[in-house]
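With our numbering as the guide, the letters of the sequence shown map in order to residues 20 to 168.
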Amino acid sequence: MTNKVADILTGLVSILVALAFYVQGTELAFESNIYPMTMEIFLVITGIYMIVRGVRDNSGEAKDKTDINYTRGAVIVVATALYLIGIKFIGFYVTSFAFLVLVSWYLSDKGLTIKSLGVSTVFAVILIAAVYGTFSLFLDVPTPAGILF
């Protein structure tokens, strides 16, 4: 599959996912639906961008094919399964932090170096702090609690 076709398909799927979330969100009260609607708008904008990018791309040659690393995919699937199990027992924030650090470090283009581990850790700290501030402090929404947090 060329990048052109992949971009168009990705854009269409993004818009369809946003539409599905919008339909499900009609059952929510307006106040509860503000955040999901914001995410739906971003999904639609991203989908439109991807479609336009795919249509404007003039290089539809076979050399644009991307090789898939199945080992990396399998590791991410297993890590995600462990993450979902870990949320219940360890806690949302601790498990999310560990998951983000390890997965972003593993997927780093720089390799498994100490420097890329540091960058992954900083990324995870900032993201988890933003999630904690948004959901626990600002919205007062409970997250799954485990033995650690």
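We put the beta carbon where it would ideally sit given N, CA and C, even for glycine. Please read these numbers as outputs of a predicted model, since none were measured by experiment.
If I'm right that residue i touches residue j with Cβ under 8 Å, what's the distance once you round it to whole angstroms?
i	j	result
residue 66	residue 34	4 Å
residue 125	residue 150	Going by Cβ atoms, the distance from residue 125 to residue 150 rounds to 21 Å, so no, they are not a contact pair.
residue 111	residue 162	4 Å
residue 31	residue 70	7 Å
residue 59	residue 37	4 Å
residue 139	residue 127	7 Å
residue 165	residue 107	6 Å
residue 23	residue 73	5 Å
Between which two residues does the alpha helix (DSSP H) carrying residue i extend?
i	result
residue 150	133–150
residue 26	22–44
residue 162	Premise fails: residue 162 is in no alpha helix (DSSP H) and is neither H nor E.
residue 110	First-last for residue 110: undefined, no H or E at that position.
residue 66	49–75
**Message:** Under 8 Å: do the stretch 95–109 and the stretch 117–137 share three or more Cβ pairs, one atom per stretch?
**Reply:** yes
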